[in-house]
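Okay, structure first, notes after.
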Amino acid sequence: MRLQLTLIQTFALAVALLPQLAHAARPFVTDDARIVDPDGYQIESYVRAQRGTRLTEFWFLPAANFGGLADRFEFTLGGNYTWVSDGGNSNLLLAQVKTLLRPLEANGFGLALTLGLGRVKPGSAQIVVETPFDVADAPAPEGDTSTKVRYNPYLNAIASVSLADDAVVLHLNAGVTRDNVDRTNVGNWGIGAEIALDAQWFGIAESYGLSGEKPAYQVGARYWAIPRRLQIDGTYGFQNASPSNLRWISVGVRVLW
């Protein structure tokens with residue numbers, strides 16, 4: 001099977017990775033067992049630029065905790081636009097609810113669960129298939145553009161562990177996304193460490209990935225310009241992939257009120 005590999009990889013990243021991995025608390029990809037405070041709101045927005053397979057992602061993710069009887073639930077509705085240098089731009093609309101099963105306390109552990117739905121709309125650029133091929137190993141028409149709108153539900157289990165009075169907090173994820181076009185289930189995992197450097201600076205390090213894929217690695221920093229109100233952050237990440245290794249940077253902002 002011979003494919004236009006660069007475009008196929010870009011498409012796979014835009015469609016498969018985004019719904020399940022791109023809505024954790026910045027600058028993590030791995031999610032944490034925390035939610036917005038009751039009667040609180042937040043907006044996360046960031047830009048991610050990647051080399052290897054060249055693409056740029058623009059994200060905007062508002063979230064809210066409405067308090068009252070639903071004070072252990074956080075609701076997110078947002079999305080992104082992905083620009084691809086070779087064409088095939090896409091956009092994602094994401095709706096998610098996150099429930100806190102056990103609050104995270106210093107020197108303890110917390111548990112959470114997310115349930116969501118990602119609506120992925122690929123662009124109109126063709127993905128040329130020179131021989132019949134499909135992710136699920138079912139025949140696909142030659143020249144299939146793979147531009148069907150996808151509604152991908154997902155479930156993610158989250159655990160966080162606090163060490164040394166919150167000096168280090170570890171985050172563990174395991175989940176699954178259903179691709180309703182290819183009729184396949186894609187597993188995801190993540191492990192991350194949040195390290196307090198002082199009252200306002202935090203370092204992060206993590207590894208995450210999808211079933212059947214090589215892991216991705218990311219390091220970064222979070223700075224509270226206004227504690228618990230305004231956060232600025234950035235990351236550098238890499239993944240050894242074929243046909244080209246991937247490298248990326250991201251810069252983001254998080255506002256809470």
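Heads up: the sequence shown begins at 1 in the working numbering, then just goes up one per residue. Just so it is clear, CB atoms sit at the ideal spot from N, CA and C, and this is done for glycine as well. Quantities reported herein were computed from a predicted structural model and do not represent experimental measurements.
message: Contact between the segment 65-78 and the segment 242-256 is defined here as three or more beta-carbon pairs at a separation below 8 Å; is this criterion met?
response: no
query: With distances taken from CA atoms, which of 104, 118, 245, 239 is nearest residue 77?
result: Ranking 104, 118, 245, 239 by Cα distance to residue 77 puts 118 first.
message: Between which residues of its own chain and residue 93 is the CB-CB distance below 6 Å, once the five residues before and five after are set aside?
response: 79, 119
field: residue 111 to residue 74 span [Cα, whole Å]
entry: For residue 111 and residue 74, the distance between alpha carbons rounds to 14 Å.
- request: Leaving aside the five residues before and after residue 187 along the sequence, list all residues of the same chain whose C-beta is less than 6 Å from its C-beta, in chain order.
  value: Around residue 187: 176, 211.
task: Pick helix, strand or coil for residue 306, following the three-state DSSP scheme.
output: The structure shown does not extend to residue 306, since the chain is modelled only from 1 to 257, so the question has no answer here.
query: Skipping 5 residues on each side, what residues in its chain have a beta carbon closer than 7 Å to that of residue 237?
result: 216, 217, 218, 248
field: N-terminal and C-terminal residue of the beta strand (DSSP E) that residue 69 is part of
entry: Residue 69 -> no beta strand (DSSP E), and no H or E assigned at all.
- prompt: If you draw a straight line from the C-alpha of residue 162 to the C-alpha of residue 105, how long is it?
  reply: Computed Cα separation, rounded: 7 Å.
- prompt: Whole-angstrom Cβ separation of residue 166 and residue 205, contact assumed at under 8 Å?
  reply: Not really, about 16 Å apart at Cβ, beyond 8 Å.
field: Cβ separation of residue 180 and residue 156, assumed to be a contact under 8 Å, to the nearest whole Å
entry: No, residue 180 and residue 156 are not in contact; Cβ-Cβ is about 18 Å, not under 8 Å.
query: So which of 173, 60, 227, 170 has the shortest CA-CA distance to residue 45?
result: 60
field: Exposure of residue 246, with buried meaning 16 or more beta-carbon neighbours within 10 Å
entry: buried
query: In this structure, does DSSP put residue 164 in helix, strand or coil?
result: coil
- prompt: Is residue 191 helix, strand or coil by DSSP?
  reply: The three-state reading of DSSP puts residue 191 in strand, counting E and B together.
query: Assuming residue 31 and residue 158 make a contact with CB atoms under 8 Å, what is their CB distance in whole Å?
result: 5 Å
field: residue 241 - containing beta strand (DSSP E), residue span
entry: From DSSP, residue 241 is part of no beta strand (DSSP E); its letter is neither H nor E.
One or two residues paired with residue 202 in a DSSP bridge: 196, 222
- prompt: Under 8 Å between the Cβ atoms of residue 51 and residue 233?
  reply: no
message: Tell me the rounded alpha-carbon separation between residue 220 and residue 58.
response: 18 Å
message: Can you look up residue 84 in the DSSP assignment and give me helix, strand or coil?
response: Strand, per DSSP.
- prompt: By a C-beta neighbour count over all protein chains shown, 10 Å radius and 16 as the cutoff for buried, is residue 226 buried or exposed?
  reply: exposed
query: How many Å lie between residue 99 and residue 116 at the Cα?
result: 11 Å
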